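Here's the structure, in structure tokens; my notes come after.
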Amino acid sequence: MTRSIDRPAKTKALLAIAFVSSMLTAPPPALCKEQPTTAQSAIEVIVKNGQATPEEKALNLLQLANCYVTGRDSTILESQLKAGSRHNSNDGPFHNTARVDMALTHWAETGWPTNLAAPNGPGQPGQKANFIANYALADLAIEAATAQLSQAAKSPRVLTMYRIASNLSQITKNVKCAEACTKALNDGIQACEANKSVDSMQIKTIVSILKKMAYGLVPIQIADYKAPVPVHATAVEMKNFDECERLKLRAAALLDRLPAGDQDRRKAHRDLSLWYSQFGKNDKALKEKQELFKLVGVNDDSILYPQPGMCGHVVWWSVKKVDNSGDCGMG
Amino acid sequence: MIHKKPKLGLSLMPTEDFRLATAELFQSKKVEALEWSFDFGFNGVIAESWSNNLLDQFSEAGALTGHGVELSPLSASFSIRQREWLAHAKQEFESRKYIHASEHFGFSEAGPIENGAPLAVPMNEQSLRLGKEMMKRFAEATQCPVGLENLAFAFSLEDVKRQGDFIDRLLSDVDGFLLLDLHNIFCQVANFNMSELELLNLYPLSEVREMHLSGGSWSHSVSGSRIAVRRDTHDDGVPQEVFNLTALALKLCPNVEIVILERLGYTMMEPEQQEEFREDFNTIREILDHYYD
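Protein chains in written order, with my numbering: chain A, 1 to 331; chain B, 332 to 624.
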């Protein structure tokens with residue numbers, strides 16, 4: 001996980017001391033807040049919330065849409081959103097940046113449960129009507145979310161949310177909304193690629209989107225561990241291969257802006273090398289492997305695969321054999 | 332009120348990345364205490380000489396603490412493996428001088444599983460009795476003050492709220508201490524949306540003799556009921572939230588003697604990560620200097 005290390009120890013210590021001062025002298029919270037009337041829909045309450053940013057509103061609307069689409073019980077989330085308890089600036093969902101970005105990226109990448117029944121598919125009496133009603137609510141929430149996203153700066157986090165909105169719209173068969181989200185996503189990615197001042201976290205978020213788009217065209221994952229027998233990719237359409245390759249190279253080019261020791265940068269070239277190998281494109285595979293060797297400073301094929309470390313972790317890029325027989329000491 | 336300044340130390344990992352990351356800290360005498368997961372060697376692993384030299388040096392200086400990982404103090408039955416573990420611990424504590432010994436609240440052995448992550452037990456009279464018996468055996472084997480570390484994991488908010496009191500009761504017969512792991516507290520705060528102050532006040536803070544700080548990671552929430560789950564994986568730098576908690580806990584715990592920074596071996600293979608580890612250490616030092624100098 002990327003983490004700023006340029007902030008001196010003194011600053012972090014002072015922040016911690018200031019935190020304690022605020023914690024031990026803060027006034028007690030109000031005992032109750034004005035509750036919205038039950039007739040107000042959760043969507044309306046979120047949209048009209050004057051305390052939340054467009055990004056926060058969009059996230060809440062997408063969470064709500066996800067509940068409707070997956071058929072999960074939305075009542076708890078609705079009541080939390082109506083009560084405003086997910087918007088507290090200290091403990092709300094946007095309090096921890098790394099946590100939000102990780103969760104959003106994971107959500108965008110994993111998509112949605114595969115066991116969803118389609119609204120026009122077979123089912124129990126009454127189930128179809130429920131799906132139609134839920135999908136209609138989901139559409140309202142998604143469209144309200146995209147309206148909020150259009151007001152926000154096109155940060156990688158916002159682009160990730162466009163991707164989630166696009167995924168959800170594909171489930172509800174809202175083609176127009178899905179296309180609009182995809183266009184916003186593509187425009188945003190190109191703008192980030194053109195912007196040389198994006199930071200490492202932003203780069204990695206964009207890269208995760210590009211990788212997922214590439215996987216959609218050629219669904220091959222490069223495993224961390226070596227397969228017992230060489231893997232050869234099954235035939236794919238040349239058009240898809242070319243587009244997938246372009247996306248992967250765009251991702252690698254973005255990662256090449258990061259330091260040579262960056263795990264994701266090294267991994268991108270390693271994965272590309274093995275990906276080319278699976279398609280028999282040995283010249284390109286060699287070029288990527290040599291790029292990796294330059295980054296690591298080692299010329300040894302063994303670094304293409306990690307060694308087992310402690311507590312289920314793996315150790316990458318080490319030629320020297322590591323000792324993993326000790327206990328991990330975690331609690 | 333000004334209390335005695337706690338010693339600042341490190342959890343020793345017998346790995347090359349740890350050696351590289353900490354050489355400067357040891358040379359400059361900034362490391363005042365060392366913690367050793369003494370059961371590391373119980374399965375026959377022999378640590379390299381530089382690790383053993385450090386252990387001997389801190390043992391002789393009266394600045395070595397022992398931290399067990401695999402006893403599983405709250406398992407429902409007393410297994411042969413646990414009996415052997417205690418025998419090994421007895422030997423280890425006879426061969427080196429330790430200030431105190433700690434283990435983890437919860438169980439990590441059940442049936443055929445011997446080395447799982449520690450999990451919470453039902454906090455009832457039976458588990459209290461079993462846990463107290465095991466703490467007595469632990470104290471008997473080590474012949475030094477023993478303590479328990481609070482757990483990062485909980486099955487429910489009720490579990491979170493009851494853990495502090497239950498640990499207090501588990502420790503009562505051996506006059507034990509609480510090892511307050513602040514990253515584990517952060518996990519509870521983040522996963523169960525509790526206030527830091529409210530949660531800390533549920534623990535027996537006057538019994539805190541040692542604190543742990545570490546980093547961890549976020550995992551996707553499978554249930555979708557929360558945005559992400561915080562886990563105590565010890566594989567990253569210390570987040571600002573844990574420094575905040577440390578400063579708060581130092582204000583609330585009058586009897587802290589040792590503060591230990593932990594990070595798993597092989598998770599700082601790059602020079603930047605090693606630098607990050609030193610920066611984390613220096614941040615804790617700054618906080619301690621602010622409160623005690």
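Note that CB positions come from ideal geometry on N, CA and C, so glycine has one too.
No experiment lies behind these values; they were computed from the predicted model shown.
Work out the CA separation of residue j and residue i for me, nearest whole Å.
i: B:M599; j: A:S318; result: 12 Å
i: B:N374; j: A:V314; result: 21 Å
i: A:K211; j: A:L247; result: 7 Å
i: B:G547; j: B:R594; result: 9 Å
i: A:A23; j: A:L15; result: Before going further, note that residue 23 of chain A is Met rather than Ala in the sequence given. Straight-line Cα distance between these residues: approximately 12 Å.
i: A:S89; j: A:E143; result: Unreliable placement is indicated for A:S89, whose pLDDT of 40 sits below 50; the coordinate value is still reported in the next sentence. In a straight line, the C-alpha of A:S89 is about 25 Å away from that of A:E143.
i: A:K204; j: B:R493; result: 40 Å
i: B:D370; j: A:L258; result: 40 Å
i: B:C584; j: B:L531; result: 10 Å
i: B:R540; j: B:I589; result: 7 Å
i: A:L149; j: A:Q63; result: 14 Å
i: B:L513; j: B:T614; result: 15 Å
i: B:S552; j: B:G393; result: 44 Å
i: B:P337; j: B:K582; result: 12 Å
i: A:A13; j: A:Y135; result: 49 Å
i: B:T346; j: B:L385; result: 13 Å
i: A:M213; j: A:C244; result: 8 Å
i: B:Q605; j: B:G596; result: 11 Å
i: B:S503; j: B:E401; result: 22 Å
i: A:A252; j: A:G261; result: 14 Å
i: B:L341; j: B:V362; result: 7 Å
i: A:E291; j: A:S208; result: 21 Å
i: B:T353; j: B:E538; result: 30 Å
i: A:D199; j: B:R500; result: 49 Å
i: A:F293; j: A:N299; result: 5 Å
i: A:I132; j: A:L59; result: 23 Å
i: A:Q221; j: A:W275; result: 8 Å
i: A:K196; j: A:K154; result: 15 Å
i: B:E601; j: A:L295; result: 12 Å
i: A:D139; j: A:N186; result: 22 Å
i: A:E34; j: A:Y305; result: Caution is warranted here: a pLDDT of 43 is assigned to A:E34, below 50, making its placement in the model unreliable, and the coordinate value is therefore given only provisionally. Spanning the two alpha carbons is a distance of roughly 57 Å.
i: B:Q457; j: B:L536; result: 25 Å
i: B:M542; j: B:V587; result: 7 Å
i: B:S574; j: B:Y622; result: The amino acid at residue 574 of chain B is misidentified as Ser; the sequence shows Phe. Their Cα atoms are separated by approximately 13 Å.
i: B:S526; j: A:M310; result: 33 Å
i: A:T11; j: A:G280; result: 52 Å
i: A:F19; j: A:A9; result: 15 Å
Would you grab the beta carbon distance between residue i and residue j for me? Rounded to a whole angstrom, and I think it's under 8 Å.
i: B:F517; j: B:L579; result: Rounded, the Cβ-Cβ distance is 11 Å, inconsistent with contact.
i: A:L81; j: A:A42; result: 5 Å
i: B:I591; j: B:E366; result: 5 Å
i: B:M466; j: B:P404; result: 6 Å
i: B:L395; j: B:R427; result: 7 Å
i: A:R265; j: A:D256; result: 6 Å
i: B:F436; j: B:E480; result: 6 Å
i: B:F409; j: B:A432; result: Between B:A432 and B:F409 the Cβ distance is about 18 Å, and since that is not below 8 Å, they are no contact.
i: A:Q307; j: A:K321; result: 7 Å
i: B:L343; j: B:S382; result: 6 Å
i: B:V569; j: B:S550; result: About 18 Å; that fails the 8 Å criterion.
i: A:T234; j: A:A180; result: Going by Cβ atoms, the distance from A:T234 to A:A180 rounds to 34 Å, so no, they are not a contact pair.
i: A:A152; j: A:P54; result: 4 Å
Mind checking whether the beta-carbon of residue i lies closer than 6 Å to any heavy atom of the ligand SAM?
i: B:A392; result: With respect to the ligand SAM, the structure offers nothing, as it holds no ligand at all.
message: Could you check whether the segment 71 to 78 of chain A touches the segment 166 to 175 of chain A, counting it as contact only if at least three pairs of C-beta atoms, one from each stretch, sit closer than 8 Å?
response: no
field: Ordered list of alpha helix (DSSP H) runs contained in the segment 177 to 253 of chain A, each at least 4 residues
entry: 200 to 217
message: At a CB distance below 8 Å, what residues from the segment 577 to 610 of chain B approach chain A? Give them in sequence order.
response: T577, A578, L579, K582, E593, L595, G596, Y597, T598, M600, E601, P602, E603, E606, E607, E610
- prompt: Just by C-beta distance, which residues in the segment 538 to 549 of chain B are closer than 9 Å to chain A?
  reply: H543, S545, G546, S548, W549
field: Sufficient close CB pairs (3 or more, under 8 Å) joining the segment 412 to 420 of chain B to the segment 478 to 485 of chain B
entry: no
- prompt: Are there three or more Cβ pairs, one per stretch, closer than 8 Å when the segment 472 to 482 of chain B is compared with the segment 504 to 515 of chain B?
  reply: Here the segment 472 to 482 of chain B makes contact with the segment 504 to 515 of chain B; the two share three or more CB pairs at distances below 8 Å.
query: Hey, which unbroken runs of the alpha helix (DSSP H) at 4 residues or more fall wholly within the segment 253 to 311 of chain A?
result: Correct list: 263 to 278, 282 to 296.
field: Short-range partners of chain A found in the segment 509 to 534 of chain B, where Cβ spacing is below 9 Å
entry: L510, D512, N515, V520, A521, N524, M525, S526, E527, L528
Ranges of the beta strand (DSSP E) found wholly within the segment 424 to 485 of chain B, counting only runs of at least 3: 432 to 435, 477 to 480
message: For the structure I just gave you, are there three or more beta carbon pairs, one from the segment 225 to 242 of chain A and one from the segment 190 to 199 of chain A, closer than 8 Å?
response: no
- prompt: Taking Cβ-Cβ distances below 9 Å as the criterion, which residues of the segment 261 to 279 of chain A are in contact with chain B?
  reply: The segment 261 to 279 of chain A vs chain B, Cβ under 9 Å: G261, D262, Q263.
query: Quick one, which residues of the segment 8 to 23 of chain A are near chain B if we go by CB-CB under 7 Å, in chain order?
result: A9, K10, K12, A13, L15, A16, I17, F19, V20, M23
message: Residues of the segment 210 to 224 of chain A in Cβ contact with chain B at a cutoff of 8 Å, in chain order, please.
response: none
message: As an exercise, report each continuous beta strand (DSSP E) stretch of at least 3 residues that is fully enclosed by the segment 589 to 620 of chain B, in chain order.
response: 589 to 592
task: Only counting runs of 4 or more residues, tell me where the alpha helix (DSSP H) segments fall wholly within the segment 348 to 406 of chain B, in order along the chain.
output: 380 to 391
- request: Could you pull out every unbroken beta strand (DSSP E) segment of at least 3 residues lying fully inside the segment 479 to 548 of chain B, listed in chain order?
  value: 508 to 512, 539 to 544
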